[in-house]
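Reading through the C-alpha cells given below for one structure.
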Amino acid sequence: MSQLLAWAHDTRTPVVPFGGGSGVCRGIEPDGHVVVDLRGLDAIIDVDTKSRLATVQAGVLGPHLERRLQAEGLTLGHEPQSMSISTVGGWIATRACGQLSARYGGIEDLVAGLEAVLPGGRVVRSKTAPRRATGPDVASLMIGSEGTLGIVTEATLRLAPVPTERVSRALLFASMSEGVAACRSLAQSELRPTLVRLYDREDTMILLRHFKDPPGGPLLLVAFDGPRAEERADRAVEMTGATVTDERFAAHWWEHRNDAVAEFRKVMAGEGLLGPHALVDTMEVAGTWTVLRELYHLMKDALGRHADLVGCHLSHVYTDGACLYFTMASACSSDDQRATSSGSGGTPEWKRAWGPAGPSAIITG
Ligand SMILES: Cc1cc2nc3c(=O)[nH]c(=O)nc-3n(C[C@H](O)[C@H](O)[C@H](O)COP(=O)(O)OP(=O)(O)OC[C@H]3O[C@@H](n4cnc5c(N)ncnc54)[C@H](O)[C@@H]3O)c2cc1C
Numbered sequence: 001m002s003q004l005l006a007w008a009h010d011t012r013t014p015v016v017p018f019g020g021g022s023g024v025c026r027g028i029e030p031d032g033h034v035v036v037d038l039r040g041l042d043a044i045i046d047v048d049t050k051s052r053l054a055t056v057q058a059g060v061l062g063p064h065l066e067r068r069l070q071a072e073g074l075t076l077g078h079e080p081q082s083m084s085i086s087t088v089g090g091w092i093a094t095r096a097c098g099q100l101s102a103r104y105g106g107i108e109d110l111v112a113g114l115e116a117v118l119p120g121g122r123v124v125r126s127k128t129a130p131r132r133a134t135g136p137d138v139a140s141l142m143i144g145s146e147g148t149l150g151i152v153t154e155a156t157l158r159l160a161p162v163p164t165e166r167v168s169r170a171l172l173f174a175s176m177s178e179g180v181a182a183c184r185s186l187a188q189s190e191l192r193p194t195l196v197r198l199y200d201r202e203d204t205m206i207l208l209r210h211f212k213d214p215p216g217g218p219l220l221l222v223a224f225d226g227p228r229a230e231e232r233a234d235r236a237v238e239m240t241g242a243t244v245t246d247e248r249f250a251a252h253w254w255e256h257r258n259d260a261v262a263e264f265r266k267v268m269a270g271e272g273l274l275g276p277h278a279l280v281d282t283m284e285v286a287g288t289w290t291v292l293r294e295l296y297h298l299m300k301d302a303l304g305r306h307a308d309l310v311g312c313h314l315s316h317v318y319t320d321g322a323c324l325y326f327t328m329a330s331a332c333s334s335d336d337q338r339a340t341s342s343g344s345g346g347t348p349e350w351k352r353a354w355g356p357a358g359p360s361a362i363i364t365g
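Here the working numbering is used: the first residue of the sequence shown is 1, the next is one more, and so on.
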C-alpha cells in the first residue's frame, strides 16, 4: 500500500479507496482514478477478550467480523442496515452509525486505534489506548474523511458482551409530537435503550405493508439489552404513556431490518410495487430536540413536493437530539421523467395496494 501511494504521489495519479461499495455519497465513483479494492485485506488479526478489543484489517465485512466475535461471546454492536455489504474501513471513512447506536454508539465511539497510509506512502498509527491526552489524533481525523486523507488499513475496535437478555416492545402514539417527546424522555433517561425507532404514518405503512390490518402509526419500536431488560421495557412504556401494540411488529423489524439491500435492488430493477420506472432515495438529517419537530415538518413539506410518498423515521437518539431518516418514492412514467400520480396514467399498482387513502393523501394530512 505504501509503495502504491508513493507511486501515485510521484505520478500525481488520483487514488480512490473502495471498501464494500455501499456508500451513498458517490465517493467511490472513479473518474480517471486508480481504484484500490480493499476487500482482500480481510484478516481478523486479534481478539483480546480481556480488554474487549478486536484488531482487524480494513476490508473485513460486517458478518465475517460478527461471526468471529460472537464465537467468543462478544459483539461490536455496530449494525448498519448495509452490514453485509460494507467494510470496517468504509464504516470509519463514512463515520457510520448502526441501528443499535443508542446503546453501542457510532463507529467514532468504537474505534480504539487505527493504522492508515497517507498520500506519499507514510504509514501512521493512532495507538490503541483507552484515552489519549494529546491531539490532534490520527484516528479522529480519519473518521468521516471519506478516503480524502489516506487509506485506513487496520483498526482496533471496542467490543461488548453479547446480551443475555433482549426485550422489545411496539408502541403506538396519536401524533408524531407525542412520539418525539417519548423518544426524548427515553434518550435522556437512565434506562439505556438499545433501540429507539419512531416511524411516522407513511413509514409505518411501508414497514408493516405485509401485515393484513397494520396500525396507522406513529409506531415506536424500543428494545433493551442486558440486566433487567424486561423491567426497563415496562418502565419505558409507563414513562412514555404509549399504547402497547402487537409484539409481532417489533419481531418483524428484527427479522427484516436489513432487507433494504435486497428491496432496493428489486425496486431499481423495476420489479417492486412502484413499477418499472421507480424513483427512490433517502436522506438523513440531525437536529436538537428543540428544533426536531419543526425540522420534521419542514423536510416533509419540502420533499413532498418532489415525490409521491415521503416516509420518515426517527432513529439514533442522543441526549441532545436525534436523526430523522426520510425515504422518498415515486412511480415514474419513464427513467428520465418523474410523473406525479395524476400524470402517470391509471392508478399505479402500489397505490391500489395501499388503498384510496394512499400515501400522498396522508402526506398532506
Ligand atoms: C441499503 C443501504 C443501507 C445503508 N445503511 C446504513 C446505515 O444503517 N448506517 C450507515 O451509517 N450507513 C448506511 N449505508 C451507507 C453505507 O453502507 C455506509 O456508508 C458504509 O459505511 C460504507 O462502507 P463501504 O465499505 O461499503 O464503503 P465504500 O462504499 O466502499 O466507500 C465509502 C467511502 O469511504 C471510502 N473508503 C472505503 N474504504 C476506505 C478505507 N479503508 N480507507 C479510507 N477510505 C475508505 C471510499 O473512498 C468512499 O469515499 C447504507 C447503504 C445502503 C446501500
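Glycine is no exception: its CB is placed at the ideal position from the N, C-alpha and C atoms.
Whole-angstrom distance between residue j and residue i, CA atom to CA atom
i    : j    : result
F18  : V24  : 13 Å
V16  : V35  : 5 Å
G216 : M205 : 7 Å
E263 : E271 : 9 Å
P130 : Q188 : 25 Å
S22  : L172 : 33 Å
T164 : R228 : 10 Å
T245 : L314 : 19 Å
S140 : V111 : 9 Å
V60  : I85  : 10 Å
V56  : E79  : 17 Å
G73  : S51  : 13 Å
S342 : S334 : Unreliable positioning characterises S342 in this predicted model, as indicated by a pLDDT of 42, which lies under 50. The coordinate reading is nonetheless provided below. Spanning the two alpha carbons is a distance of roughly 15 Å.
A339 : A6   : In this prediction, A339 has a pLDDT of 49, which is less than 50 and means its spatial position is unreliable; what the coordinates show is noted afterwards. The straight-line gap from Cα to Cα measures roughly 50 Å.
H256 : L303 : 26 Å
L324 : A331 : 23 Å
K212 : R248 : 12 Å
M268 : P136 : 43 Å
M283 : L274 : 19 Å
G20  : V47  : 23 Å
E294 : Q70  : 42 Å
R305 : M328 : 10 Å
L191 : R232 : 6 Å
V285 : L220 : 19 Å
S344 : E29  : Reliability fails at S344, whose pLDDT of 43 lies under 50, so the model's placement of it is uncertain and the value that follows must be treated cautiously. So the two alpha carbons sit approximately 32 Å from each other.
A8   : A133 : 34 Å
L38  : Q3   : 15 Å
G105 : P193 : 11 Å
Y296 : R122 : 45 Å
R265 : R209 : 18 Å
R166 : V237 : 16 Å
L448 : D42  : The shown model of the chain, from 1 to 365, leaves out residue 448, and the question about it has no answer.
G120 : L149 : 11 Å
A251 : D31  : 44 Å
K300 : R184 : 20 Å
E230 : L100 : 18 Å
R67  : S145 : 28 Å
Whole-Å CB distance - residue i paired with residue j, under 8 Å assumed
i    : j    : result
G90  : G77  : Going by Cβ atoms, the distance from G90 to G77 rounds to 17 Å, so no, they are not a contact pair.
R103 : D225 : 6 Å
G186 : V317 : At residue 186 the sequence reads Leu, which differs from the Gly that was named. The Cβ separation is near 7 Å, so the contact holds.
G147 : G27  : 6 Å
P14  : H33  : 4 Å
L207 : W253 : 7 Å
T240 : A182 : 4 Å
T87  : A58  : 6 Å
Any chain B beta carbon closer than 8 Å to residue i
i    : result
D234 : Protein chains in the displayed structure number just one, and chain B is not present.
Pair within 8 Å by beta-carbon distance, residue i and residue j
i    : j    : result
T153 : M1   : yes
G287 : G321 : yes
V117 : I92  : no
L309 : E202 : yes
V222 : S177 : no
L159 : A54  : yes
A155 : L114 : yes
L65  : I44  : yes
E108 : R125 : no
L81  : A242 : Per the sequence shown, the amino acid found at residue 81 is Gln instead of Leu. Not closer than 8 Å, so no.
P214 : L198 : no
L292 : V180 : yes
V162 : T290 : no
C258 : M142 : Per the sequence presented here, residue 258 reads as Asn, with Cys not at that position. No, these two residues do not count as a Cβ contact at 8 Å.
Q: Go through the stretch 263 to 331 residue by residue and report every complete run of the alpha helix (DSSP H) that reaches 4 residues or more, in order.
A: 289 to 304
**Q.** Start-end ranges of the beta strand (DSSP E) lying completely within the stretch 124 to 170, minimum 3 residues
**A.** 151 to 158
Q | Ordered list of alpha helix (DSSP H) runs contained in the stretch 61 to 96, each at least 4 residues | A | 62 to 71 and 88 to 93
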